[in-house]
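Under this note's numbering, think of the first position of the sequence shown as 635, with each following residue one higher.
Note that the Cβ used here is the ideal one computed from N, Cα and C, for glycine as well.
The model shown is predicted, which means the values in this text are computed figures rather than measured ones.
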Amino acid sequence: QFRIRGELEVISHKSQDPVKKKWRELQWEQTSEGMKQSYEWPSPGTERQPTQDDQADFFDFDASEEPSPNFALLLMIPKTVDVVKLREKPQKRHIHSKKKGEETWTVQRVNP
């Protein structure tokens, strides 16, 4: 079991950072056509009328090369990773942490 804590950054269509924009574009390129279509569907939970055309709303979408404005990339920068090995007897738990500005992680064994 892993518990990860850190900072989460949303990289949306409004991102101005060229490197992060490229990361978002690369992830979009690797996304399947079916998944790309889902970003253009009506919002989840939206009421649908019996006369609405499912084919038009869900499948007649030509995924462009540009990422959908509804598509965002989440970038997580972990600060701590709490690892619990539940199958071991006795269980073992370690907390891995990284301080801001440091490259190396410290590991501390703690009581599960």
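- Within the DSSP bridge table, the entry for Phe636 names Val717 as partners.
- Taking every protein chain shown into account, the CB of Pro703 has fewer than 16 other CB atoms within 10 angstroms, so this residue is exposed.
- Between the beta-carbon of Asn745 and that of Arg727 there is about 7 Å, and that keeps the pair under the 8 Å contact cut.
- Each residue's CA atom was taken as its position, placing Glu700 and Trp662 some 8 Å apart.
- Inclusion of Leu708 and Leu660 in the CB contact set at 8 Å is not warranted, their separation being larger than that value.
- In the DSSP assignment, the residues bridged to Thr740 are Ser731.
- Arg658 is classed as buried because its beta carbon has at least 16 other beta carbons within 10 Å across all chains shown.
- In the three-state reduction of the DSSP assignment, Pro724 falls in the coil class, being assigned neither a helical nor a strand state.
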